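Participant: The opening position of the sequence shown corresponds to residue 0 in numbering that gives the first Met the number 0, with each subsequent residue numbered one higher. Cβ atoms here follow ideal geometry from the backbone N, Cα and C, with glycine treated the same way. Computed from a prediction, not measured in an experiment: that's the story for all the values here. Attaching a single structure in structure tokens format; questions to follow.
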Amino acid sequence: MRQQGRFGDYGGCFVPEILVPALEQLEAAFLDAEEDPRFRAELDELLATYAGRPTPLTLLRNLGGEHARIYLKREDLLHGGAHKTNQVLAQALLTKRMGKTRLIAETGAGQHGVATALAGALFGLKTEIYMGADDVARQQLNVFRMELMGARVIPVTAGTRTLKDAVNEALRDWSASFADTHYILGTAAGPHPFPTMVRQFQRVIGKEARAQLLEAEGRLPDAVIACVGGGSNAIGIFSDFISDEGVQLVGCEPAGKGLDGHEHGATILKGSVGIFHGARTLVLQDGDGQISDSWSVSAGLDYPAVGPEHSWLRDSGRGTYVGVTDQEALDAFQLLARSEGIIPAFESAHAVAQALKMAEAATKETVLVVNLSGRGDKDMVQAQKLLGGRA
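Structure (structure tokens):
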């Protein structure tokens, strides 16, 4: 490896020896591509003409009101319906650069699976997606979308039948197939170089948001707010504000049914240091180091670890992490739809809920930016059930 991939005491590369050549090859391809203007030009063209960048920055007209001005960074309007498309297009380009012909991925809510499926179709790559069997059941629309674009969805029935088990199966597949297969990991977690690489490819969100805020307000925001499961959308929008000490960085973890119990996915708030999926980071685990089950109404946040850079931001005091319950997220989901005509993904609704909470204690001069990481189409069936059929 050319780099260590460390964020303070976190990160690194803790994998079976058989995977080291694949990760070394990926790191070399990533670092070389970053220095290659032709790669950057091709990616920029794809982001502009295929994905639909730049995404707009929308000022809420009815929420926040007298208390604060709340802007949404509209990753929900990106092709594919979520921020996932940014880094998947980049990794698909790397796949072609490495001469590989097959993509595999894991997905929880299905957003990353959809992004991988569209990239596989675009580049003519065989694509297979691992997905927990429970997530397959609650995200049928996204499963259909993946299959429509030619991907094969493989339900994972092991363990808790959710995202962490899908990651396990994808890593197992990759250890035997990396000669012709690239594993597009869906978040800024896992072994080096994935956390650094995913952060760099998602950084476009923060770059755009910063420039758009300066144009709209003539100054930087007071806070940038994003949901955190693995943490890719959050680290993407945080990245260009980390050096601005006056901008609060707020990550919203899924508090599920409450932080006092065990049905949550608040890894940073309730976890401890461990090794998980190839990196040293904060993990939900018991006293014997066994990984604990996580919970969230949002499949995309139902993950018992977090990207290592978020662990470092927590320790350094640069990032503030809070818990948002399922009910608070559902309330924000309905409120944003009714008040602004925007239906957020369940994941993003966690960040919206926190912004509304912060706005209540703010002044009218306060400016908040929420990364609306995805749209709620995929959650309609689940929302109908949770809301008893009443909108």
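Could you tell me the distance, in whole angstroms, from the CA atom of residue 148 to the CA atom of residue 253?
Facilitator: 31 Å
Participant: Where do the ends of the beta strand (DSSP E) carrying residue 250 lie?
Facilitator: 247-255
Participant: For the beta strand (DSSP E) containing residue 151, name the first residue and the last one.
Facilitator: 151-155
Participant: Starting from residue 343, follow its DSSP beta bridges and name the residues at the other end.
Facilitator: Looking at the DSSP assignment, residue 343 forms a beta bridge with 374.
Participant: Take the Cβ of residue 133 as the centre, count every other Cβ of all protein chains shown within 10 Å, and call the residue buried at 16 or more, exposed below.
Facilitator: buried
Participant: For residue 271, which beta-bridge partners are listed by DSSP?
Facilitator: 282
Participant: List, from N- to C-terminal side, the alpha helix (DSSP H) runs of 4 residues or more that fit wholly inside the stretch 282-365.
Facilitator: 307-315, 325-339 and 345-359
Participant: Which value, in whole angstroms, describes the spacing of the CA atoms of residue 283 and residue 308?
Facilitator: 17 Å
Participant: Using three-state DSSP, classify residue 384 as helix, strand or coil.
Facilitator: helix
Participant: Roughly how many whole angstroms lie between the Cα atoms of residue 244 and residue 322?
Facilitator: 22 Å
Participant: Can you list, in chain order, the residues of its chain with a C-beta nearer than 7 Å to that of residue 371? Leave out the 5 residues immediately preceding and following it.
Facilitator: 71, 72, 73, 74, 75, 343 and 347
Participant: Answer with buried or exposed for residue 341, where buried requires no fewer than 16 other C-beta atoms within 10 angstroms of its C-beta.
Facilitator: buried
Participant: Pop quiz: residue 212 and residue 22 are said to be a contact at Cβ under 8 Å. What is the actual Cβ separation, rounded to whole angstroms?
Facilitator: No, residue 212 and residue 22 are not in contact; Cβ-Cβ is about 36 Å, not under 8 Å.
Participant: How big is the Cα-Cα spacing for residue 17 and residue 208?
Facilitator: 40 Å
Participant: Taking its Cβ as the centre, do 16 or more other Cβ atoms sit within 10 Å of residue 164, making it buried, or is it exposed?
Facilitator: Classification for residue 164: buried.
Participant: Return the chain-ordered ranges of every alpha helix (DSSP H) run that is complete within the stretch 35-59 and spans a minimum of 4 residues.
Facilitator: 36-45
Participant: Measure how close the beta-carbons of residue 266 and residue 281 come, nearest whole angstrom, since I'm counting them as under 8 Å.
Facilitator: 5 Å
Participant: Mind listing, in chain order, the continuous beta strand (DSSP E) runs of no fewer than 3 residues lying wholly within the stretch 84-156?
Facilitator: The stretch 84-156 contains these whole beta strand (DSSP E) runs: 101-106, 125-131 and 151-155.
Participant: Taking three-plus beta-carbon pairs below 8 Å as touching, is the stretch 168-184 in contact with the stretch 348-360?
Facilitator: no
Participant: Can you tell me which of the three DSSP states residue 241 falls into?
Facilitator: coil
Participant: Applying the 10 Å Cβ sphere with the 16-neighbour rule, what's the burial state of residue 332?
Facilitator: Classified as buried, residue 332 has 16 or more neighbouring CB atoms from the shown chains inside 10 Å of its CB.
Participant: Would you mind stating whether residue 236 and residue 225 have Cβ atoms separated by less than 7 Å?
Facilitator: yes
Participant: Roughly how many angstroms separate the alpha carbons of residue 98 and residue 138, rounded to a whole number?
Facilitator: Going by the C-alpha atoms only, they are around 32 Å apart.
Participant: Are three or more beta carbon pairs between the stretch 123-132 and the stretch 313-330 nearer than 8 Å?
Facilitator: The answer is no - the stretch 313-330 does not touch the stretch 123-132, with fewer than three Cβ pairs under 8 Å.
Participant: Throw me the rounded Cβ distance for the residue 81 and residue 42 pair, which I believe falls under 8 Å.
Facilitator: Not quite, the Cβ-Cβ distance comes to about 18 Å (not below 8 Å), so this is no contact.
Participant: How big is the Cα-Cα spacing for residue 29 and residue 8?
Facilitator: 23 Å
Participant: Would you please state the rounded distance, in angstroms, between the beta carbons of residue 234 and residue 198? I believe it to be under 8 Å.
Facilitator: 5 Å
Participant: How many angstroms separate the CA atom of residue 314 from the CA atom of residue 272?
Facilitator: 12 Å
Participant: On the premise that residue 150 lies in contact with residue 114, defined as a C-beta separation below 8 Å, what is that separation, rounded to the nearest angstrom?
Facilitator: So it is not a contact: roughly 11 Å between Cβ atoms.
Participant: Between the alpha carbons of residue 368 and residue 69, how many angstroms are there, rounded?
Facilitator: 6 Å
Participant: On the criterion of 16 or more Cβ atoms from any shown chain inside 10 Å, does residue 196 qualify as buried, or is it exposed?
Facilitator: buried
Participant: How would you write the range of the beta strand (DSSP E) that residue 195 sits in, first residue to last?
Facilitator: No beta strand (DSSP E) holds residue 195; the alpha helix (DSSP H) holding it covers 193-216.
Participant: By DSSP's criteria, residue 72 is part of a beta bridge. Which residues make up the other side?
Facilitator: 56 and 370
Participant: Among 355, 255, 310 and 135, which one has its Cα closest to the Cα of residue 380?
Facilitator: Of the candidates 355, 255, 310 and 135, the residue whose Cα lies closest to the Cα of residue 380 is 135.
Participant: Measuring only the C-alpha atoms, how far is residue 66 from residue 352?
Facilitator: 15 Å
Participant: Throw me the rounded Cβ distance for the residue 0 and residue 276 pair, which I believe falls under 8 Å.
Facilitator: In fact, because the Cβ distance is near 17 Å, the residues do not count as touching under 8 Å.
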